[in-house]
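I have placed the structure first, in the form of structure tokens, so that the comments after it can refer back to it.
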Amino acid sequence: MQGGLRERLSALESEALEELGRAGTPEALEELRVRWLGRKGRITRELQALGSLEPAERPAVGEAANRIKAALTELLEARRESLLATREERELAAERLDVTLPGRAPRIGLPHPLASALEELTEIFRGLGFEVAGGPEIETPYHNFSALNIPEGHPAREESDTIFVGGGLLLRTHTSPVQIRAMESRPPPLRIIAPGRCYRNDAPDATHSPVFYQIEGLAVEEGITLGHLKWTLEQFARAYLGADLALRFRPGYFPFVEPGAELDVACIFCGGRGCATGKGSGWIEILGSGMVHPAVFEAVGYDPERVSGFAFGTGVERMAMLKHRIPDIRLFYENDVRFLAQLA
Ligand code: PHE
Numbered sequence: 012m013q014g015g016l017r018e019r020l021s022a023l024e025s026e027a028l029e030e031l032g033r034a035g036t037p038e039a040l041e042e043l044r045v046r047w048l049g050r051k052g053r054i055t056r057e058l059q060a061l062g063s064l065e066p067a068e069r070p071a072v073g074e075a076a077n078r079i080k081a082a083l084t085e086l087l088e089a090r091r092e093s094l095l096a097t098r099e100e101r102e103l104a105a106e107r108l109d110v111t112l113p114g115r116a117p118r119i120g121l122p123h124p125l126a127s128a129l130e131e132l133t134e135i136f137r138g139l140g141f142e143v144a145g146g147p148e149i150e151t152p153y154h155n156f157s158a159l160n161i162p163e164g165h166p167a168r169e170e171s172d173t174i175f176v177g178g179g180l181l182l183r184t185h186t187s188p189v190q191i192r193a194m195e196s197r198p199p200p201l202r203i204i205a206p207g208r209c210y211r212n213d214a215p216d217a218t219h220s221p222v223f224y225q226i227e228g229l230a231v232e233e234g235i236t237l238g239h240l241k242w243t244l245e246q247f248a249r250a251y252l253g254a255d256l257a258l259r260f261r262p263g264y265f266p267f268v269e270p271g272a273e274l275d276v277a278c279i280f281c282g283g284r285g286c287a288t289g290k291g292s293g294w295i296e297i298l299g300s301g302m303v304h305p306a307v308f309e310a311v312g313y314d315p316e317r318v319s320g321f322a323f324g325t326g327v328e329r330m331a332m333l334k335h336r337i338p339d340i341r342l343f344y345e346n347d348v349r350f351l352a353q354l355a
């Protein structure tokens, strides 16, 4: 072999090894492999050049080139493996999870306290044989007033702070129009409750909200008396607020009942001694009720000579406030989760 050729090969080898030492990533190694050992790589070209050598020189040069090629291949492979191992170690270290850290519990949704109250109240009346009826929140003045014996010009129309929505319609001010719709749609006997949203143009304060919930009740058949009303409402009040609750019925006026009565409970805050909640009286009103007025039966085509009935309406927020000692109705509508979660 010519001295020049041998020297060139060994120079090539040290150059390759030096580059190998500098290649710091698997990608750099691959690039190096292609440049030296690839189809057009420098070692490959050296081997291809064998053909132009003197036949006598070929074996020695070929052997030297092949040795360099084999050595380089092996070194490349070893280096690649070690680089990959280092990289994996680094990645694992970066992704390390501390499985001993305490978990973060997901927040679980809860029924809104008003939804729970509605559900509970509805269940009590279901147990007393009432079925649930519904009606629209946007009502006609006829269903909200006239059919309930509140004709145009009646002071009760002005008192109820109605919100009108145009087209002669209004947002129902109570759930009593559902009474009318239920009786219009079927003959007696009938025993329904109607839970739902009502609207009044009231400025919000601790006891008023322009949107609030009522539960209406209506029982109509032959022979219904004030005694049935009293018993039913006592059962209901005691089931929801407590069995040893002091109650009192008091005459009350609503145009659609005669006689009318309001039901009071002894104040849960002062036990009846008298405080601001009961305006000093020691009693809190929880519902309006009475025997259905004959004019209402006539409006829906029921015969007041044949059937009688009782009706009542109670505020859902008011009931829940008493039961859970909630001081302000606005808490139901502000949706502060700290309040909501307490009642769940
Ligand atoms: N609708 C009345 C109100 O909103 C309550 C009521 C219902 C009174 C049924 C008597 C009978 O105040």
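Residue numbers (the working numbering): 12 to 355. Yeah, the Cβ is synthetic: ideal placement off N, Cα and C, and Gly gets one too.
Starting from the C-beta of R17, find all residues in its chain whose C-beta is less than 6 Å away, skip the five residues before and the five after it, and write them out in chain order. Sequence-distant Cβ neighbours of R17 in its own chain, meaning closer than 6 Å and more than five residues away, do not exist here.
Sequence-distant residues of the same chain with beta carbon closer than 7 Å to G138, five excluded per side: none
Apply the 10 Å Cβ neighbour rule to D275 and answer buried if 16 or more other Cβ atoms are within range, or exposed otherwise. buried
Between the alpha carbons of I119 and S220, how many angstroms are there, rounded? 28 Å
Quick one, which of L58, E169, G238 and A205 has its alpha-carbon nearest A272's? G238
To the nearest whole angstrom, what separates the beta carbons of G291 and G285, a pair I think is in contact under 8 Å? 5 Å
What did DSSP end up calling H165 once you bin it into helix, strand or coil? coil
In this structure, what does DSSP give as the bridge partners for E296? D275
Residues that A205 bridges to, as DSSP identifies them: E227
Label F175 either buried or exposed according to how many other C-beta atoms from any shown protein chain fall within 10 Å of its C-beta, with 16 as the threshold for buried. F175 is exposed by the Cβ-count criterion.
Rounding to the nearest angstrom, what Cα-Cα distance links A322 and A230 in this structure? 7 Å
Straight-line gap, R249 to T111 (C-alpha atoms, nearest Å): 51 Å
Note down the Cα distance separating A105 from V348, rounded to an integer number of angstroms. 37 Å
So does A322 have its beta carbon nearer than 7 Å to some heavy atom of the ligand PHE? Correct: A322 has its Cβ closer than 7 Å to the ligand PHE.
Under 8 Å between the Cβ atoms of I191 and A310? yes
Considering Cα atoms alone, identify which of I295, E74, L351 and P315 is closest to L333. I295
Going by the DSSP bridge assignment, what does R259 pair with across the sheet? Looking at the DSSP assignment, R259 forms a beta bridge with D275.
For S300, is the beta carbon positioned less than 7 Å from some heavy atom of the ligand PHE? yes
Which residues mark the beginning and the end of the beta strand (DSSP E) in which L180 is found? Taken as a continuous stretch (DSSP letters only), the beta strand (DSSP E) holding L180 covers L180 to L182.
Coil, strand or helix - P188 by DSSP: helix
May I ask whether a heavy atom of the ligand PHE can be found less than 7 Å away from the beta carbon of S319? Short note on S319: C-beta not closer than 7 Å to any heavy atom of the ligand PHE.
By DSSP, does E26 sit in helix, in strand, or in coil? E26 falls in the helix class under three-state DSSP.
Any idea what DSSP makes of Y210, helix, strand or coil? It is a strand residue.
Endpoints, beta strand (DSSP E) assigned at G177: I174 to G177
Give the DSSP-derived three-state secondary structure of I149 in the structure shown. Looking at I149 - three-state DSSP - the assignment turns out to be strand.
Distance cut-off 7 Å: H304 Cβ against heavy atoms of the ligand PHE: No; taking the cut-off as 7 Å, the Cβ of H304 has no heavy atom of the ligand PHE nearer than that.
For the ligand PHE, is there any heavy atom lying closer than 7 Å to the beta carbon of G293? Distances between the C-beta of G293 and the heavy atoms of the ligand PHE are all 7 Å or more.
For G326, name the three-state secondary structure that DSSP assigns. strand
Could you check whether the Cβ of G271 sits closer than 7 Å to any heavy atom belonging to the ligand PHE? In this structure, G271 has its beta carbon less than 7 Å from a heavy atom of the ligand PHE.
Quick check on this structure: which residue in H335, L58 and P266 has the alpha carbon closest to the alpha carbon of C278? H335
Following a CB-centred definition, is V268 positioned closer than 7 Å to any heavy atom of the ligand PHE? yes
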